[in-house]
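Reading through the structure tokens given below for one structure.
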Amino acid sequence: MFDKHILVLGVGNILLGDEGTGVRLIQKLEEEYVFSENVELYDGGTLGLKLLEPICRSDFAIVVDIVRAGGPPGAIYRIAEKDLSRKIPYKSSLHELNIVETLIYAEELGNKPETVVIGIEPGDWTSWSTELTGPVRSRMEDIVAVVLGEIEKAGGAWKKVEQPVKIKRVV
Numbered sequence: 002m003f004d005k006h007i008l009v010l011g012v013g014n015i016l017l018g019d020e021g022t023g024v025r026l027i028q029k030l031e032e033e034y035v036f037s038e039n040v041e042l043y044d045g046g047t048l049g050l051k052l053l054e055p056i057c058r059s060d061f062a063i064v065v066d067i068v069r070a071g072g073p074p075g076a077i078y079r080i081a082e083k084d085l086s087r088k089i090p091y092k093s094s095l096h097e098l099n100i101v102e103t104l105i106y107a108e109e110l111g112n113k114p115e116t117v118v119i120g121i122e123p124g125d126w127t128s129w130s131t132e133l134t135g136p137v138r139s140r141m142e143d144i145v146a147v148v149l150g151e152i153e154k155a156g157g158a159w160k161k162v163e164q165p166v167k168i169k170r171v172v
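Numbering (this note's numbering) for the sequence shown: 2 to 172.
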């Protein structure tokens, strides 16, 4: 029924405040939504090069991460694949490789999916904290809406669950 495998990949370090926004988004989607069988949610954390496997087996990737582009904290950016390497000043972080470098490796392997990055301007991405800053936390529903829209455009389907599933998390 669904012909494209869609990967929703949240990356970042949840121990560094807003740096963990992509992972927090995946957690929220897992708790509050169900998806068609062609949609895969993936907590990429700081896996870097280890993300090649899920990326390479996808037809379309929606990557959620922080992006420092000079806007106010909480600003949401939709970055098309063609604009990734030229316009976006990626942050320094604990990622083994940044997502752009990982996508370059996937392309070299001949398996790079069509990709869009949903970037969120961080408030604080360097201090030790397991909490998102207020400006980023207040935009989480907007980020969810953008990602759900991208899933639909790529050929996936979703439904909000009536009773969110609270997943016990250590951090």
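Where a beta carbon is used, it is the ideal one built from N, C-alpha and C, also for glycine.
Note that the structure is a prediction, hence the values are computed from the model and not measured.
Hey, how far is the Cα of residue i from the Cα of residue j?
i, j, result
"lysine 83", "glycine 18", "29 Å"
"valine 137", "glutamine 164", "24 Å"
"glycine 13", "glycine 46", "5 Å"
"glutamate 151", "glutamate 115", "12 Å"
"tryptophan 129", "glutamine 28", "20 Å"
"valine 65", "glutamate 38", "20 Å"
"isoleucine 105", "leucine 50", "11 Å"
"phenylalanine 61", "aspartate 4", "11 Å"
"valine 101", "leucine 85", "7 Å"
Using the three-state DSSP reduction, which class does residue i fall into: helix, strand or coil?
i, result
"proline 90", "At proline 90 the pLDDT is 47, less than 50, meaning the model places this residue with poor confidence; the figure from the coordinates comes in the next sentence. Coil at proline 90, not helix or strand."
"glutamate 41", "strand"
"lysine 160", "strand"
"valine 166", "coil"
"alanine 76", "coil"
"leucine 30", "helix"
For the alpha helix (DSSP H) containing residue i, name the first residue and the last one.
i, result
"alanine 146", "141-155"
"arginine 138", "135-138"
"isoleucine 119", "Unbroken run through isoleucine 119 is the beta strand (DSSP E), 115-121; no alpha helix (DSSP H)."
"glutamate 82", "Segment: none, glutamate 82 is in no alpha helix (DSSP H) and carries neither H nor E."
"isoleucine 100", "100-109"
My understanding is that residue i touches residue j, with C-beta atoms under 8 Å, so please give their C-beta distance in whole angstroms.
i, j, result
"alanine 1", "isoleucine 7", "This structure cannot speak to residue 1, because the chain is shown only from 2 to 172."
"arginine 25", "glycine 75", "13 Å between Cβ atoms; not a contact."
"valine 117", "isoleucine 80", "7 Å"
"leucine 53", "threonine 127", "Actually they are not in contact, since the Cβ atoms of leucine 53 and threonine 127 sit about 27 Å apart, beyond 8 Å."
"leucine 10", "isoleucine 63", "7 Å"
Is there a Cβ from chain B that is less than 8 Å from the Cβ of residue i?
i, result
"valine 101", "The structure shown contains no chain B, having only a single protein chain."
Can you name, in chain order, every residue of its own chain whose Cβ lies under 7 Å from the Cβ of residue i, other than the five neighbours on each side?
i, result
"tyrosine 34", "Trp159, Lys160, Lys161 and Val162"
"cysteine 57", "Ala107, Leu110 and Asn112"
"serine 93", "Legend: pLDDT at serine 93 = 49, less than 50; position of this residue unreliable, no value from coordinates given."
May I ask which residues mark the beginning and end of the beta strand (DSSP E) holding residue i?
i, result
"valine 65", "61-67"
"leucine 10", "7-12"
Go through its chain and collect everything with a Cβ distance to residue i's Cβ below 8 Å, but skip five positions before and after it.
i, result
"glutamate 31", "Leu42, Val166 and Ile168"
"glutamate 153", "Trp159"
Please return the same chain residues whose Cβ sits closer than 6 Å to the Cβ of residue i, not counting the five positions on each side in sequence.
i, result
"serine 59", "His6, Leu8 and Pro114"
"glutamate 142", "none"
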